[in-house]
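A.B. asks: In the numbering used here, the protein residues as written are 592 to 1540.
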C-alpha cells in the first residue's frame, strides 16, 4: 500500500517553481553543452526569481500591516514565556532531586539557617526513612531474641524433665512428656525452627522417644504372650532400663536397683504406645490368636489348663496352657468348649486393658475369624457323608449356634446382625445334600474317566421282534454261455464263520458247523421252503471255460483271527430275505433286493445272455430265453412275528454307573422318608441328592469322549463300544425310571433320550469316519483313468485292495462288540460307500477301451470277496443285497464291462439292469462301444426306459 501524501503537500509538480525548472535544465543539459554563459543565465534567472519573491512578500505585508504587527508581537511574547517556564522547571527539578548541599536557596536566611543541608526533597525523605528502618530492625531483633531465649529456656526444662523420666523408666509420664515436647518443638518460632540448636534438640527428643518406645515394646512383649503353647497376660509389668544416658551417650545400666520399683500397669502400657505402633502390634496379636488359639483347637486335639502365677516381685501372671492332646477321635463338642474357654480368658484379662479406641474394635475384629473357623474347620469337615451320622451332627450344629451367641455376640460385642453360623445351620440339610451330591458326582467323574478294561466287559442281551420269513434257497443252474464264454460254475458256499466273535461265555470250539452258523439264534423256528423239482432246459453250446488269472485272486489279510478270509474266493450267492435281520433300533432299513432274474441268467456274476447272433448276411435271430428248470415256488406263508435275542459288548463301568444311580435314588428316598431334615430344609428333603442321578449321566456323556479322545479317534471298535454303553445305560434307565415320579423321572427320561441320541450319533459318526477313510483310499485311484498303463493299473489295484483290507480289519472289530443287526448295518454302510464310489468313478469315464474294460472288470471282481462277510450258514445264500443296496448294480457292472452290446440289450430287456439309471446305461454304452448303427439302435432302445413287467 502506497504512503498517503499529506493534504498540505501538492499532488503534482509546481510548474512555477523556478528552482525546479533550473535544476531540470541543469540535469538535462549534456556535459559538452555546459558553459559559463549558460550557467550565468541560470543564476540570473534565480536572482530575478528571488527578487520577485521578495517584492511579493513586501507587497503582501504592506497590504495587511496591522495584522502582521499584531501576530509578530504575539510570537515574541510566546517566546519569552516559554523561556521563563523552562527556567522555572529546571529550578523545581533541582530543588526536588538535587543531592548536593546548597546555601543559595534562602537568600535572606540567618547564618544559622545557612548550615549545610541537602537541598533535594527526595534525598531528605530517603535519609529519614533509612534512619527509621534501622531503629525498627534493632527493636525487632531485640524482641525476637528475647522470645527465642524464652522458648529455649522452656524447651530445655522440658527436655531435662523428659530425660529424668526416661532414666527412671517412668514410661507413661515419659510418653506424655515426649509428646508435649514434640508439640512444643513443632510450634517453635520461625527464628528457632531452622537453627542448629533446635535441630540438636529435636534429635535428642527423637532419641528419647525411641528409647521410650523400646522400653514400652519390651514391656509389652513381656506382658502379653500368645504362642502355640500358652496364652499369658500380666496386668502389670516391671519396667527394665536397658540403657542410661551418660554424658550424652546411652550405656547399659549395671545397677538393677535403679528401676526395681518401676512397675507399669497394662492399660497404661497400651495407652502409652503410639497408635500406629499399637495398631501394628494388635494386628500381629490378632493373627497369633487366630492361628495359635482359634484355628488350632479345631485342627488338632488340645488340652487346656488355666493357671495363675505370682512372681517374687509381686507381679501376677495369668496363663492358659495349650498342650497337645491324644490323637484319638475327639468329640467335636469339646473343641467348641475349648474355644469358649479361650475367648472367656481373653475377655476377662486382655480386652478390658485395651485403650478406649481399641477396646471395642479389637474384640469385634475376632468375630470373623471365629465364624470362619467354626464353619470351615468344625462344621464343614464334620458334615457327614452318611444318613446315619446326621443326627449327631445336628446336635453339633446346634452347639455351634449357641457358641455363636455366647462368644461372638456376648464376648466379642457383635450386634448379631450377621448370624452366618445360624443361617448355615438352618440350611444344614441343603448343605448335606450338596456335599453328598458333590461326592456322588466325584464318583461319577472317576467312573467316566476310568479307561475301559476288557476284563470287566460283559455281553448284554437285547430282544428284537422280527417277522418270521422263510429264507430263500439258492437254485442251482447250469452254466450259460455269455458272449461266447461259459460262465463259471457256482463254487462251494463259504465255510461258516468262527462263532467266537459273539460268544464270550461258553467255549464253542467243539460245536459242529451248524451250531457255529447259528450263533445269534436267528435260525430258530425257520423252516426252508421245499426245493422245487428241476426241469430240463435247453442249453446253448458251451465254449471251453477260461482259466482264472492271477489278477482275480484275493489278497489274504495277515492278522485274521476270526478266519473271515477263508471264503474270499467264493462267488456270492443269491440274496436272502432280510426280514429276519430287521433292526430293533429303527436304524437304516435293509434295502429291497430286486426280483431275481430268470434261471437262464444264472447269478449276477454270471448272467445268461441269448445265443450269439448269426453271420452278418442273415438277419440275427431273436434270442430265445431258456425255459425255467424249476417251477415257480409257492407263495410264502404270511409272516408271523418272532422274538430274537441278540447280544453286544458293554464296558464294565456302565454297571458301576447304574449302581451309583440306583444308590442315589434310594438314598434320596430314604432321606425324604426319615424325617430328620423336615424342619431344616425349606424344600423337599432328598431332592438335591436325587439331582445327582441325571448329573451323573451328564458327566458320563461329557467326560467319556474327552477322557478317551485318543482311543476313540484311533480305534474302530471303541467308538462302537461307547455307543453300546450308551444303549445299555439307556435301556437300564428305562427300567429304573418306571418306579419314579416327579422331576427326577423327567430328568432321567430326558437323559435316557439323550443317551439314545448319543449312541446313534457315535454309531453313525464311526461309520461316516470309515466311509471317509475309504473315500480317501479310493482317491489314489484318480477316477480309474488310464488303466491301460501298467503303473496306473497297479495304483488302482492297490487302492481297491487297501479298501478290501480295511473293511476286513474293521469287520471283526465291529463283530466282536455289536449286535448282529447293527453289525450288518454298519458293515453294509461302508461296503456300500466303497461300491458307490467305484460305480460313480467308472460310470463317469467317457471312453473305455477293450483293455481298460477287462482291467476295470478285474478291479471290480476284487471286492466280490466281501460277499463272504454276509454269509453265516454255508447252506444258505448270501444276504449281502439286504445291507448293500448297490451290490447287484456293482456285480452287473463288472459283467457289463466285458459284455457285448447284444448281451447288454438282452439284460436290459429282461429287467436285470433296473438298478441302473437310463443315463448311466447310455453313457456306459457310449464309452464301451464305437459309434455304429447298432450302438445307436441300442441307445434308442435304452432311452425308452426300463421294461415294465
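C-beta: ideal position from N, C-alpha, C; glycine also.
Since the structure is predicted, the reported quantities are computational estimates derived from the model, not experimental observations.
Could you tell me which residues DSSP puts in a beta bridge with residue 1049?
C.D. replies: The residue given as residue 1049 occupies position 458 in the chain shown. According to DSSP, which records beta bridges pairwise, residue 1049 is partnered with 1241.
A.B. asks: Roughly how many angstroms lie between the CA atoms of residue 1026 and residue 976, to the nearest whole one?
C.D. replies: The residue labelled residue 1026 in the question sits at position 435 within the chain shown. The residue labelled residue 976 in the question sits at position 385 within the chain shown. Cα-Cα distance, rounded: 7 angstroms.
A.B. asks: Is the beta carbon of residue 961 sitting closer than 9 angstroms to the one on residue 925?
C.D. replies: Numbered from 1 along the chain shown, position 370 holds the residue referred to as residue 961. Numbered from 1 along the chain shown, position 334 holds the residue referred to as residue 925. No, they are not a contact pair.
A.B. asks: Less than 9 angstroms between the C-beta atoms of residue 897 and residue 932, yes or no?
C.D. replies: Translated into positions along the chain shown, residue 897 becomes position 306. Translated into positions along the chain shown, residue 932 becomes position 341. Contact: yes.
A.B. asks: May I ask which residues mark the beginning and end of the beta strand (DSSP E) holding residue 1537?
C.D. replies: In the chain shown, the residue the question calls residue 1537 occupies position 946. First-last for residue 1537: undefined, no H or E at that position.
A.B. asks: In three-state terms, what does DSSP make of residue 951?
C.D. replies: To locate residue 951, count along the chain shown from 1; it is residue 360. Residue 951: coil per DSSP, three-state reduction.
A.B. asks: Using beta-carbon positions only, say whether residue 945 and residue 861 come within less than 9 angstroms of one another.
C.D. replies: To locate residue 945, count along the chain shown from 1; it is residue 354. To locate residue 861, count along the chain shown from 1; it is residue 270. In contact: residue 945 and residue 861 (Cβ atoms closer than 9 angstroms).
A.B. asks: When the Cβ atoms of the stretch 1280-1288 are set against those of the stretch 1354-1363, are three or more pairs found closer than 8 angstroms?
C.D. replies: Judged by Cβ distances under 8 angstroms, the stretch 1280-1288 makes no contact with the stretch 1354-1363, as fewer than three pairs qualify.
A.B. asks: What number of angstroms, rounded off, separates the C-alpha of residue 1531 from the C-alpha of residue 1450?
C.D. replies: In the chain shown, counting from the first residue as 1, residue 1531 sits at position 940. In the chain shown, counting from the first residue as 1, residue 1450 sits at position 859. Using only the alpha carbons, I get a separation of about 30 angstroms.
A.B. asks: Is the beta carbon of residue 1479 less than 9 angstroms from the beta carbon of residue 1490?
C.D. replies: Within the chain shown, residue 1479 is the residue found at index 888, counting from 1. Within the chain shown, residue 1490 is the residue found at index 899, counting from 1. No. Outside cutoff.
A.B. asks: Could you name the residues of the same chain whose beta carbon sits closer than 8 angstroms to that of residue 1251, not counting the 5 residues immediately before and after it, in chain order?
C.D. replies: As a position in the chain shown, residue 1251 is number 660, starting the count at 1. For residue 1251, where only same-chain residues beyond five positions count, the Cβ hits under 8 angstroms are 1031, 1034, 1035, 1038, 1287.
A.B. asks: Skipping 5 residues on each side, what residues in its chain have a beta carbon closer than 7 angstroms to that of residue 929?
C.D. replies: Looking up residue 929 in the chain shown gives position 338. For residue 929, where only same-chain residues beyond five positions count, the Cβ hits under 7 angstroms are 888, 893, 895.
A.B. asks: Our contact map puts residue 966 next to residue 1012 with C-beta atoms below 8 angstroms; I'd like the distance itself, whole angstroms only.
C.D. replies: In the chain shown, counting from the first residue as 1, residue 966 sits at position 375. In the chain shown, counting from the first residue as 1, residue 1012 sits at position 421. Between residue 1012 and residue 966 the Cβ distance is about 6 angstroms, and since that is below 8 angstroms, they are a contact.
A.B. asks: For residue 814, does the count of other Cβ atoms within 10 angstroms reach 16, so buried, or fall short, so exposed?
C.D. replies: The count along the chain shown starts at 1 and reaches residue 814 at position 223. By the neighbour-count rule (16 or more Cβ atoms within 10 Å), residue 814 is buried.
A.B. asks: I need the straight-line Cα distance from residue 812 to residue 805, nearest angstrom please.
C.D. replies: Walking along the chain shown from the start, residue 812 turns up at place 221. Walking along the chain shown from the start, residue 805 turns up at place 214. If I take the Cα positions, the gap works out to 11 angstroms.
A.B. asks: Could you tell me the alpha carbon to alpha carbon distance between residue 1418 and residue 1403, rounded to whole angstroms?
C.D. replies: Stepping through the chain shown from its first residue, residue 1418 is reached at position 827. Stepping through the chain shown from its first residue, residue 1403 is reached at position 812. Residue 1418 and residue 1403: Cα-Cα distance of roughly 10 angstroms.
A.B. asks: Using a Cβ-Cβ cutoff of less than 8 angstroms, which residues in the same chain neighbour residue 1270 once the five nearest sequence positions on both sides are dropped?
C.D. replies: Looking up residue 1270 in the chain shown gives position 679. Unreliable positioning characterises residue 1270 in this predicted model, as indicated by a pLDDT of 44, which lies under 50. The coordinate reading is nonetheless provided below. If we look at residue 1270 and ignore the five residues flanking it on each side, it has no Cβ neighbours.
A.B. asks: I'd like the list of long-range same chain contacts for residue 969, defined as Cβ closer than 8 angstroms, with 5 residues on each side in sequence excluded.
C.D. replies: As a working note, residue 969 is residue 378 in the chain shown. These residues qualify, in order along the chain: 889, 923, 926, 927, 987, 991.
A.B. asks: Pull up the CB-CB distance for residue 1007 and residue 954, whole angstroms please, since I reckon it's below 8 angstroms.
C.D. replies: Within the chain shown, residue 1007 is the residue found at index 416, counting from 1. Within the chain shown, residue 954 is the residue found at index 363, counting from 1. Rounded, the Cβ-Cβ distance is 14 angstroms, inconsistent with contact.
A.B. asks: Considering Cα atoms alone, identify which of 865, 1410, 749 is closest to residue 1052.
C.D. replies: Position 461 of the chain shown, counting from 1, holds the residue named residue 1052. Nearest of 865, 1410, 749 to residue 1052, Cα basis: 1410.
A.B. asks: I'd like the list of long-range same chain contacts for residue 964, defined as Cβ closer than 7 angstroms, with 5 residues on each side in sequence excluded.
C.D. replies: Reading the chain shown from its first residue, position 373 is the one you call residue 964. For residue 964, where only same-chain residues beyond five positions count, the Cβ hits under 7 angstroms are 885, 886, 889.
A.B. asks: Following the continuous beta strand (DSSP E) through residue 900, name the residue where it begins and the one where it ends.
C.D. replies: In the chain shown, residue 900 corresponds to position 309, counting from 1. Residue 900 -> beta strand (DSSP E) spans 893-901.
A.B. asks: Which residues in the same chain as residue 941 place their Cβ atom closer than 6 angstroms to its Cβ, once the five residues preceding and following it in sequence are excluded?
C.D. replies: Looking up residue 941 in the chain shown gives position 350. For residue 941, where only same-chain residues beyond five positions count, the Cβ hits under 6 angstroms are 824.
A.B. asks: Between the beta-carbon of residue 1049 and the beta-carbon of residue 1246, is there less than 9 angstroms?
C.D. replies: Here the question's residue 1049 lines up with position 458 in the chain shown. Here the question's residue 1246 lines up with position 655 in the chain shown. In contact: residue 1049 and residue 1246 (Cβ atoms closer than 9 angstroms).
A.B. asks: Residue 1454 and residue 1421: beta carbons closer than 9 angstroms?
C.D. replies: Translated into positions along the chain shown, residue 1454 becomes position 863. Translated into positions along the chain shown, residue 1421 becomes position 830. No, the pair does not count as a contact, with Cβ atoms beyond the cut-off.
A.B. asks: I'd like to know whether the C-beta atoms of residue 957 and residue 822 end up nearer to each other than 9 angstroms.
C.D. replies: Within the chain shown, residue 957 is the residue found at index 366, counting from 1. Within the chain shown, residue 822 is the residue found at index 231, counting from 1. Cβ distance not < 9 angstroms, so residue 957 and residue 822 don't count as in contact.
A.B. asks: What runs of the alpha helix (DSSP H), each 4 residues or longer, lie entirely inside the stretch 1451-1526?
C.D. replies: List check, alpha helix (DSSP H) in window: 1478-1487, 1492-1500, 1509-1519.
A.B. asks: Can you tell me which residues form a DSSP beta bridge with residue 909?
C.D. replies: Numbered from its first residue, the chain shown carries residue 909 at position 318. According to DSSP, residue 909 bridges with 824, 899.
A.B. asks: By the 10 Å Cβ neighbour count, where 16 or more other Cβ atoms means buried, how is residue 827 classified, buried or exposed?
C.D. replies: Position 236 of the chain shown holds residue 827. Residue 827 should be labelled buried.
A.B. asks: Please report the distance separating the alpha-carbon of residue 1337 from that of residue 1329.
C.D. replies: In the chain shown, the residue the question calls residue 1337 occupies position 746. In the chain shown, the residue the question calls residue 1329 occupies position 738. So the two alpha carbons sit approximately 11 angstroms from each other.
A.B. asks: Grab the span of the alpha helix (DSSP H) containing residue 1348 for me, first residue to last.
C.D. replies: On the chain shown, residue 1348 is found 757 positions in, with the first residue counted as 1. Here the alpha helix (DSSP H) through residue 1348 covers 1334-1370.
A.B. asks: Starting from residue 1282, trace the beta strand (DSSP E) both ways and give me its first and last residue.
C.D. replies: Counted from its first residue, the chain shown places residue 1282 at position 691. That residue, residue 1282, is in no beta strand (DSSP E); it is neither H nor E in DSSP.
A.B. asks: Please report the straight-line C-alpha distance between residue 1343 and residue 1290, rounded to a whole angstrom.
C.D. replies: The sequence position of residue 1343 within the chain shown is 752, counting from 1. The sequence position of residue 1290 within the chain shown is 699, counting from 1. Spanning the two alpha carbons is a distance of roughly 13 angstroms.
A.B. asks: With distances taken from CA atoms, which of 1029, 1382, 1521, 943 is nearest residue 858?
C.D. replies: In the chain shown, residue 858 corresponds to position 267, counting from 1. Of the listed residues, the one whose Cα sits closest to residue 858 is 943.
A.B. asks: Could you pull out every residue in the same chain whose Cβ sits closer than 6 angstroms to the Cβ of residue 1317, ignoring the five residues on either side in sequence?
C.D. replies: If you number the chain shown from 1, residue 1317 lands on position 726. Around residue 1317: 1346, 1349, 1350.
A.B. asks: If we count the other Cβ atoms within 10 Å of its Cβ and call it buried at 16 or more, is residue 738 buried or exposed?
C.D. replies: For the purposes of this step, residue 738 is taken as residue 147 along the chain shown, with counting starting at 1. So residue 738 counts as exposed.
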